[in-house]
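The C-terminal position of the sequence shown is numbered 171 in the UniProt record's numbering, with every residue numbered one higher than the one before it. Just so you know, even glycine gets a beta-carbon here, dropped at the ideal spot from N, CA and C.
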Amino acid sequence: MVFLKLKQDLSLVVLSILFKNITAESCRLIYIILIPPLAQILGCSIYWTSKEEIIGSMPYCFKKFPNTRVVLDCTEIPIQKPKCLACRIKLYSNYKSTFTLKLLIGVSPGGLITYISQPYGGRTSDKSLFEQSGLIQKMSSSDAIMVDKGFLIDDLCTYIKKYTKNSTTIP
Numbered sequence: 001m002v003f004l005k006l007k008q009d010l011s012l013v014v015l016s017i018l019f020k021n022i023t024a025e026s027c028r029l030i031y032i033i034l035i036p037p038l039a040q041i042l043g044c045s046i047y048w049t050s051k052e053e054i055i056g057s058m059p060y061c062f063k064k065f066p067n068t069r070v071v072l073d074c075t076e077i078p079i080q081k082p083k084c085l086a087c088r089i090k091l092y093s094n095y096k097s098t099f100t101l102k103l104l105i106g107v108s109p110g111g112l113i114t115y116i117s118q119p120y121g122g123r124t125s126d127k128s129l130f131e132q133s134g135l136i137q138k139m140s141s142s143d144a145i146m147v148d149k150g151f152l153i154d155d156l157c158t159y160i161k162k163y164t165k166n167s168t169t170i171p
């Protein structure tokens, strides 16, 4: 039931119908009780992998980018409209046109989630979130970060020439 709620975001009423003999209130209590231990258990599986692990599981499509340590992007999770006006200002996302929590997610080239930041308000820029996350301190000088072209952190990192299909050299 908890995984259905997390994956499909089904309402508590729908869950109570799917799981016969359970009220919507019971579903809510089960959800509230099980989320903290699940977070603790699953949180241990997200760790900053060693350079050796990354190289050992580097997919072929990343062979041209052997120094890539992490692929970064931000994700926004919609939330209910806060009652507090100051909170509304911090949590409103112009990009999503709603109230959100924003997280920085790092994935290894092999596809493992290796980093999740603390949540920030939806108004926070990707650059600001990256700066505040402290992720740069986990990187070594030879590591590369792969980001989308709209993720504007060039001035925070040492920049390497952009690689395109028509380039004759690989960075």
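Using DSSP with H/G/I as helix, E/B as strand and the rest coil, what is residue i?
i, result
"Ser-26", "helix"
"Phe-99", "strand"
"residue 183", "Because the chain spans 1 through 171 in this model, residue 183 falls outside it and cannot be assessed."
"Ile-32", "helix"
"Gln-8", "helix"
"Tyr-92", "strand"
"Gly-43", "helix"
"Gly-56", "helix"
"Pro-37", "helix"
"Ile-79", "coil"
"Phe-151", "coil"
"Cys-87", "helix"
"Phe-19", "coil"
"Ser-133", "helix"
"Lys-51", "helix"
Apart from the five residues just before and just after residue i, which ones in its own chain have a Cβ nearer than 6 Å to its Cβ?
i, result
"Phe-151", "Asp-126"
"Asp-9", "none"
"Met-58", "Pro-109"
"Leu-107", "This sequence places Val at residue 107; Leu is not what is there. Excluding positions up to five away in sequence, the list reads Val-71, Ile-113."
"Phe-62", "Thr-68, Pro-109"
What residues in its chain sit with their C-beta under 7 Å from that of residue i, if we drop five residues either side in the sequence?
i, result
"Asp-143", "Asn-67, Arg-69"
"Lys-5", "Leu-15, Tyr-31"
"Gln-137", "none"
What does DSSP give as the partner residues of residue i in its beta bridges?
i, result
"Cys-74", "Leu-104"
"residue 190", "Outside the displayed range of the chain (1 to 171) lies residue 190, so it cannot be described from this structure."
"Met-146", "Val-71"
"Gly-121", "Leu-101"
Residues in the same chain with beta-carbon distance under 8 Å from residue i, minus the five sequence neighbours each way, listed in chain order, please.
i, result
"Asp-148", "Asp-73"
"Val-14", "none"
"Pro-91", "A small fix is needed here, since residue 91 is Leu in this sequence, not Pro. These residues qualify, in order along the chain: Ile-79, Pro-82, Phe-99, Thr-100, Leu-101, Gly-121, Gly-122, Arg-123."
"Phe-19", "Met-1, Cys-27"
So residue i and residue j are supposed to be a Cβ contact under 8 Å. How far apart are they, rounded?
i, j, result
"Leu-129", "Leu-104", "5 Å"
"Val-2", "Leu-42", "No, Val-2 and Leu-42 are not in contact; Cβ-Cβ is about 12 Å, not under 8 Å."
"Ile-46", "Ile-116", "6 Å"
"Leu-38", "Cys-27", "Not quite, the Cβ-Cβ distance comes to about 15 Å (not below 8 Å), so this is no contact."
"Met-139", "Phe-65", "No, Met-139 and Phe-65 are not in contact; Cβ-Cβ is about 15 Å, not under 8 Å."
Using alpha carbons as the reference points, say which of the options lies closest to residue i.
i, options, result
"Gln-118", "Ile-55, Lys-63, Ile-77", "Ile-77"
"Lys-96", "Ala-86, Thr-75, Leu-85", "Thr-75"
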